[in-house]
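Undergrad:
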Amino acid sequence: MCAYLTRVPIIVVLLSLCAFAHSDTANYYDLIAKPEATEQVAKAKPGCEYKDINLKKYGLQPFQNPEVISSKNGELVTTLSVEYANHNIGGCDTHLRTYNGKMVGPTLRLKPGDTLRVKLQNNMPPCDPKYPDRCGHGKDNVMNTPGNFNVTNLHTHGFHVSPAGNSDNVLLQIKPGVEFDYEIKVPPNHPSGTFWYHAHVHGSTALQVSSGMAGALIVEGGLDDAPRIKDLEEKVFVFQQVAYDCSGVIESYESECADGIGAFGPGEWEKMKRQILINGEIAPTITMRPGEIQRWRFIHAGVRETIMARVEDTRGYAQEKLHEIAVDGLATGRLDSWAKVELQPGYRSDVLFRAPKKAGEYWLMDTETAASLSLHGITEPAKKLARIVVTGNPATMDLPKPEELAQLKAMKDFTAQEIAKLPETKEPMMFYLGDRNDIPTTPCGEFKKGKGSDIIFSVNGKPFGEAPPRELTLNTAEKWTLCTRGLASGHPFHIHVNPFQLARLGPDGKLQNVWRDTLLVRDSRNEEIYTRYEDYIGEFVLHCHILDHEDQGMMELVKINLEGSSNHH
Ligand SMILES: [Cu+2]
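Take 920 as the starting number for the sequence shown in the numbering used here and just add one per residue.
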């Protein structure tokens, strides 16, 4: 259907519909006409067909952490080159946008108080009016149309740093042939933990991140120095959902492949049968001694689906739990022992894992997510993420003690009394995907589906660029209500610069406080979060971390003003 649409004038609405055109079960499918049966079908490049990947042949190699670049004398100085590279993934010769030609960006490690100096070189092919989606939003250059595919920038996801100038400024656009020096000052009191970086130009975020343009960003200290953690073998897992199409490329939202599979629509990732990669590798093999404990830093750098991480034996029975010590990089001060760790796009989780006592083969699985709980309303079948081989002499190792972790908690919680007194932010944050005529009359109000098909991706009914910035005041704290309304069942909320506190259900079924920078907001439940605006003024964004939703408008500009200079009180 989308290939067919390219023969008629392209308008935003049609592009939006393309993103949904191939789902059988999504609840918004009935808005969309069925594709013509006679559609032209492009032939897959050999090895790039949409079929299961042979793990024995293309995976199971020893687990490898990404290359590490560490700060020295208070500075981390490095270059990230954005360039095409050829890699064979599961038998398919791909040609994808990368950092430094690698399938995963280097891990950047620094300390609180350090300065991150990244020279970002855009070595993509030059802008060319013949390809209007490479340096602009398509032929008519309409905002919130996917585009800017060869334009880039750098976002330090989860960092509490300045969003202005040449710091974590995602409003910058680095064009092909341009290089730019980022200088990101990590404050001396910055929490230690697992963060990540990725490209974030409006229009191309999904396309670039889903090509593998992401890497781990680690602030050292804190948990790293704790007894019973500091000597553990550490692994970084950058989970990637690289959605290369039947030609081994990601160049368009309008696939030329069989049945249109390969664009960013719900269900298409499942139909592509691509593997979730870890640091660019297919199902790597982790070798551990019986009883050995390792520290794993999970980063969901994918854009397509939920990962429910669990360790199983080869018959599918759950094994040792994953003991979570940090959420979105921030030490919780606890050991939360989960049967499954939930990772939505943008989430991080630091876990301790103790290998089973019995030698043998185990698997880190992404267990099935039911349609009712999945991001796109479609069942996500179980997937193998990594093989764990337990072998050798047993190790006797202890998990950290509660008091050792408690003193390392990264953030100071709001007390119940403080929460009771917190003012509500100006208006709730409602993710709305649906017809322009069906927007609830008040944010987070009731949604009634009409018959229209003027689909928008929005915050509070305003696609990005249609609303003035949400203005906030430095050194204040507020309570926010987050909700999802419209045709999709949930969107992961991410806000730059300042993390937020919320109460979640812990593994014991009781509410517990946690600080995050990314949170899935389901339409079945409004979320309440608490946040302080500290240290930094300037403009930045909040958005849905299903990045193709962001690129199509599900993003809002946020502006933090100095005290006394805001205009909304
Ligand atoms: Cu979304």
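Note that beta-carbon positions come from the ideal geometry of N, C-alpha and C, so glycine has one too.
Give me the Cα-Cα distance between residue 1201 and residue 1153, rounded to the nearest whole angstrom.
TA: 19 Å
Undergrad: Could you check whether the Cβ of residue 1121 sits closer than 6 Å to any heavy atom belonging to ligand 1?
TA: no
Undergrad: I think residue 1073 touches residue 1039, with their Cβ atoms under 8 Å apart; what is that distance to the nearest whole Å?
TA: 5 Å
Undergrad: Residue 1338 lies in the alpha helix (DSSP H); which residues open and close that run?
TA: Where residue 1338 is concerned, the enclosing alpha helix (DSSP H) starts and stops at 1335-1340.
Undergrad: Any chance you could list the beta strand (DSSP E) runs of at least 3 consecutive residues sitting entirely within the region 1294-1379, in chain order?
TA: With a minimum length of 3 residues, the unbroken runs of beta strand (DSSP E) contained wholly in the region 1294-1379 fall at 1302-1309, 1348-1354, 1374-1378.
Undergrad: Enumerate in chain order the residues of its own chain whose CB-to-CB distance from residue 1032 is below 8 Å, with the five nearest sequence positions on each side excluded.
TA: Setting aside the 5 residues that flank it on each side, residue 1032 is surrounded in the same chain by 993, 1105, 1106, 1107, 1109, each with a C-beta closer than 8 Å to its C-beta; the list follows chain order.
Undergrad: Let me check you understand the geometry: is the CB of residue 1465 closer than 6 Å to at least one non-hydrogen atom of ligand 1?
TA: yes
Undergrad: Are the region 1177-1186 and the region 1242-1258 touching, with three or more C-beta to C-beta distances below 8 Å?
TA: no
Undergrad: Thinking C-alpha only, which one of 1362, 1253, 1260 is nearest residue 1237?
TA: Ranking the options by Cα distance to residue 1237, first place goes to 1260.
Undergrad: Once DSSP output is grouped into helix, strand and coil, what is the label at residue 1236?
TA: coil
Undergrad: Excluding the five sequence neighbours on either side, which residues of its own chain have a C-beta within less than 6 Å of the C-beta of residue 1205, listed in chain order?
TA: 982, 1305, 1307
Undergrad: Please state the DSSP three-state secondary structure of residue 1159.
TA: strand
Undergrad: If you compare alpha carbons, which of 1157, 1350, 1144, 1430 is closest to residue 1130?
TA: 1157
Undergrad: Among the residues of its own chain, which have a CB less than 8 Å from the CB of residue 1140, if the five just before and after it don't count?
TA: 1030, 1031, 1111
Undergrad: Please report the distance separating the alpha-carbon of residue 1413 from that of residue 1463.
TA: If you take the alpha carbons of residue 1413 and residue 1463, they lie about 6 Å apart.
Undergrad: Are residue 1087 and residue 1099 touching if we call contact CB-CB under 7 Å?
TA: no
Undergrad: I need the DSSP call for residue 1462, collapsed to helix, strand or coil.
TA: strand
Undergrad: Taking 6 Å as the cut-off, is the beta-carbon of residue 1473 closer than that to any non-hydrogen atom of ligand 1?
TA: yes
Undergrad: At what residue ranges does the region 1236-1296 contain a whole run of the beta strand (DSSP E), taking only runs of 3 or more?
TA: 1241-1246, 1249-1257, 1260-1262, 1267-1273, 1279-1285
Undergrad: Between the C-alpha atoms of residue 1123 and residue 1062, what's the straight-line distance to the nearest angstrom?
TA: Cα to Cα, residue 1123 sits roughly 12 Å from residue 1062.
Undergrad: Please name the residue, chosen from 1097, 1064, 980, 1052, that lies closest to residue 1001 on a Cα-to-Cα basis.
TA: Ranking the options by Cα distance to residue 1001, first place goes to 1097.
Undergrad: What I want to know is whether the C-beta of residue 1295 ends up closer than 6 Å to one or more non-hydrogen atoms of ligand 1.
TA: no
Undergrad: Beta carbon of residue 862, beta carbon of residue 1323: below 7 Å?
TA: Shown here, the chain extends from 920 to 1488; a query on residue 862 therefore has no answer.
Undergrad: Alpha carbon to alpha carbon, how far is residue 1363 from residue 1474?
TA: One C-alpha to the other measures close to 16 Å.
Undergrad: Beta carbon of residue 1079: closer than 6 Å to some heavy atom of ligand 1?
TA: no
Undergrad: Throw me the rounded Cβ distance for the residue 1069 and residue 1095 pair, which I believe falls under 8 Å.
TA: 5 Å
Undergrad: Are at least three pairs of beta-carbons, each pair with one atom in the region 1249-1259 and one in the region 1202-1221, less than 8 Å apart?
TA: no
Undergrad: Just to confirm before moving on: does the CB-CB distance between residue 1448 and residue 1479 stay below 7 Å?
TA: No, these two residues do not count as a Cβ contact at 7 Å.
Undergrad: Determine the direct distance from the alpha carbon of residue 1369 to that of residue 1010, and round the result to whole angstroms.
TA: Taking the straight line joining both Cα atoms gives about 45 Å.
Undergrad: Taking 6 Å as the line, does the beta carbon of residue 1219 fall inside it for any heavy atom of ligand 1?
TA: In terms of side-chain proximity, the C-beta atom of residue 1219 is found no nearer than 6 Å to any non-hydrogen atom of ligand 1.
Undergrad: Near residue 1067, what residues of its chain come up, given a Cβ to Cβ distance below 8 Å and the 5 sequence neighbours on each side ignored?
TA: 1052, 1053, 1054, 1055, 1056, 1092, 1120, 1121, 1122, 1123
Undergrad: Please tell me whether, using a cut-off of 6 Å, the distance from the CB of residue 1468 to the nearest non-hydrogen atom of ligand 1 is below it.
TA: yes
Undergrad: Please report how far the alpha carbon of residue 946 lies from the alpha carbon of residue 1406, in whole angstroms.
TA: Interpretation of residue 946 is limited by its pLDDT of 35, a score under 50 that renders its predicted location unreliable; the figure taken from the coordinates is listed afterwards. Their backbone Cα atoms lie some 7 Å apart in a straight line.
Undergrad: Taking the beta carbon of residue 1015 as the centre, do at least 16 other beta carbons fall within 10 Å, making it buried, or is it exposed?
TA: buried
Undergrad: Could you check if residue 1413 belongs to the surroundings of ligand 1, using beta carbon to heavy atom distance under 6 Å?
TA: Residue 1413 Cβ: outside cutoff for every heavy atom of ligand 1.
Undergrad: Which word fits residue 1267, buried or exposed, when buried means at least 16 other C-beta atoms lie within 10 angstroms of its C-beta?
TA: Around the beta-carbon of residue 1267, 16 or more other beta-carbon atoms lie within 10 Å, marking it buried.
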